[in-house]
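Counting in my numbering, the sequence shown runs from 33 upward without gaps.
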Amino acid sequence: MSAATTLTNGAEPAGSEKIKKSRSHRINWWLTAVIAVLSLTILIPLYFTIITALKTPADAGTFGLPGTWEWHNFADAWNKVNYPKAALNSALITVAAVVLTLLTNTFVAYAVARNMDKRFFRFMYYFFIAAMFVPFPVIMLPIAKQFGSWHLDNQIGLVLLYMVLGLGTNLFIATGFIRSIPVSLEEAARIDGAGTWRIFWKIIFPLMGPINATIAILTALWAWNDFLLPLIILTDQSNQTIPLAQYVFSSQFATNYPMAFASYLMAMAPILIVYVFAQKWVISGVMRGAVK
33 MSAATTLTNG AEPAGSEKIK KSRSHRINWW LTAVIAVLSL TILIPLYFTI ITALKTPADA
93 GTFGLPGTWE WHNFADAWNK VNYPKAALNS ALITVAAVVL TLLTNTFVAY AVARNMDKRF
153 FRFMYYFFIA AMFVPFPVIM LPIAKQFGSW HLDNQIGLVL LYMVLGLGTN LFIATGFIRS
213 IPVSLEEAAR IDGAGTWRIF WKIIFPLMGP INATIAILTA LWAWNDFLLP LIILTDQSNQ
273 TIPLAQYVFS SQFATNYPMA FASYLMAMAP ILIVYVFAQK WVISGVMRGA VK
């Protein structure tokens, strides 16, 4: 059989298949080098944090391995910041912020996404999006003053702020996803007698699984690691979160870097575990959506 006959029948020559395989296995060294450099910007500080947490204060500040491994720095940091109490406060605030954000922000996004043809909802969309570009230090002191006058300078006020201040970003993320959901699903539900609330909770909200996971991760990372909002809102020392409790390691005259870095690693561990498990859920959710 000639080569011309093979091409006419639609079958590819064996040589072209080998070329495709070789191209698919070809390594892009420039891209690999860029990824390696970017990875080092994360790995080097992480390595420095870990080895510093295991050194004496006199040996801190060098890249070499510790002469003696000071594992007691973790126990000292645990007691110094009262880690169980601070972690419990951070966990309560983070869980409450994530739950309230998902329940409210996604519904606002649904209302805006389905009514973008109306002037009021279009104005509200751009109003909330514009709030993303307002620097937080500009509104920091007015917020602290206002929440203090409302007696919300506590954990409840902090959760409400996470819910409201994250609305712009969450609206920007969720609106496009909701508009990709076919309206025919809602029309079929309305024919069966379902109202707006039931349509949202029974149809739209479950379909928003991947985007809900993204919003939950971003909110959890923000609430767990945030230092500035708890600093200006929380007035009771017993309600302080982990970032506030870690502030005890820094002062004008002395800083215990090994103990502080040990505390940072312990603070990072819970949210890192949550992120790893949630990230898997997000990827699986996106894959399910792609198959459908």
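Backbone N, C-alpha and C fix where the C-beta goes; we use that ideal spot for every residue, glycine too.
Range of the contiguous alpha helix (DSSP H) that encloses residue i
{"i": "SER216", "result": "215-223"}
{"i": "GLN187", "result": "187-197"}
{"i": "THR228", "result": "228-231"}
{"i": "GLY180", "result": "168-181"}
{"i": "TYR79", "result": "61-85"}
{"i": "TRP110", "result": "104-112"}
{"i": "TRP256", "result": "241-257"}
{"i": "LYS234", "result": "That residue, LYS234, is in no alpha helix (DSSP H); it is neither H nor E in DSSP."}
{"i": "ALA141", "result": "115-145"}
{"i": "ARG154", "result": "151-162"}
{"i": "ALA90", "result": "First-last for ALA90: undefined, no H or E at that position."}
{"i": "THR276", "result": "Per the sequence shown, residue 276 should be read as Leu rather than Thr. Taken as a continuous stretch (DSSP letters only), the alpha helix (DSSP H) holding LEU276 covers 274-277."}
Residue i: CB within 8 Å of a non-hydrogen atom of the ligand NAD
{"i": "THR94", "result": "No copy of the ligand NAD occurs in the structure displayed, which carries no ligand at all."}
Whether residue i touches residue j by CB criterion (9 Å)
{"i": "VAL191", "j": "ARG146", "result": "no"}
{"i": "ALA206", "j": "TYR142", "result": "yes"}
{"i": "ILE265", "j": "ILE171", "result": "no"}
{"i": "TRP103", "j": "LEU86", "result": "yes"}
{"i": "ALA128", "j": "GLN187", "result": "yes"}
{"i": "VAL144", "j": "LEU203", "result": "yes"}
{"i": "PHE179", "j": "LEU260", "result": "no"}
Cβ neighbour criterion (16 or more within 10 Å) applied to residue i
{"i": "ALA109", "result": "buried"}
{"i": "LEU134", "result": "buried"}
{"i": "GLY200", "result": "buried"}
{"i": "PRO242", "result": "buried"}
{"i": "MET195", "result": "buried"}
{"i": "TYR157", "result": "buried"}
{"i": "GLY208", "result": "exposed"}
{"i": "LEU75", "result": "exposed"}
{"i": "ASN288", "result": "buried"}
{"i": "GLY42", "result": "Reliability of the predicted coordinates at GLY42 is poor, the pLDDT of 48 falling under 50, and the value obtained from them is presented with this limitation in mind. Its Cβ having fewer than 16 others within 10 Å, GLY42 is exposed."}
{"i": "PHE152", "result": "exposed"}
{"i": "ALA118", "result": "buried"}
{"i": "PHE281", "result": "buried"}
{"i": "SER34", "result": "Bear in mind that the predicted position of SER34 carries a pLDDT of just 45, short of 50, making it too unreliable to give a figure here."}
{"i": "THR267", "result": "exposed"}
{"i": "VAL269", "result": "Rather than Val, the amino acid found at residue 269 in this sequence is Gln. So GLN269 counts as exposed."}
{"i": "LEU304", "result": "exposed"}
{"i": "ASP149", "result": "exposed"}
{"i": "ASN111", "result": "exposed"}
{"i": "ALA322", "result": "Because ALA322 sits at a pLDDT of 44, beneath the cut-off of 50, its placement in the model cannot be relied upon, and the point is left open."}
{"i": "THR5", "result": "Any property of residue 5 remains undetermined from this structure, which presents the chain solely from 33 to 324."}
Reference residue i, options the options, closest by Cα
{"i": "VAL113", "options": "PHE309, ILE303 and THR273", "result": "THR273"}
{"i": "ASP185", "options": "ARG151, PHE153, LEU263 and MET148", "result": "LEU263"}
{"i": "ALA310", "options": "TYR296, GLY99, ALA292 and LEU250", "result": "LEU250"}
{"i": "ASN105", "options": "LEU304, MET291 and LEU197", "result": "MET291"}
{"i": "TRP21", "options": "LEU86, ILE67 and ALA123", "result": "In the structure as shown, the chain begins at 33 and stops at 324. Residue 21 is therefore absent and cannot be evaluated."}
{"i": "ALA107", "options": "VAL308, PHE293 and LEU304", "result": "PHE293"}
{"i": "ILE231", "options": "ILE213, THR88, PHE168 and THR246", "result": "ILE213"}
{"i": "PHE24", "options": "TRP233, ASN271 and THR267", "result": "Residue coverage of the chain in this structure runs from 33 to 324, which leaves residue 24 outside it and unanswerable."}
{"i": "ASN271", "options": "GLY189, THR73 and ASN111", "result": "GLY189"}
{"i": "ALA252", "options": "VAL308, PRO77, GLY180 and VAL144", "result": "VAL308"}
{"i": "THR136", "options": "HIS183, TRP229, LYS177 and ASN121", "result": "TRP229"}
At least 3 beta-carbon pairs within less than 8 Å: the region 275-282 vs the region 79-98: no
Would the region 153-162 and the region 220-227 be scored as touching if the rule is three or more Cβ pairs under 8 Å? no
Pairs of beta-carbons, one from the region 76-92 and one from the region 232-246, closer than 8 Å: are there three or more? no
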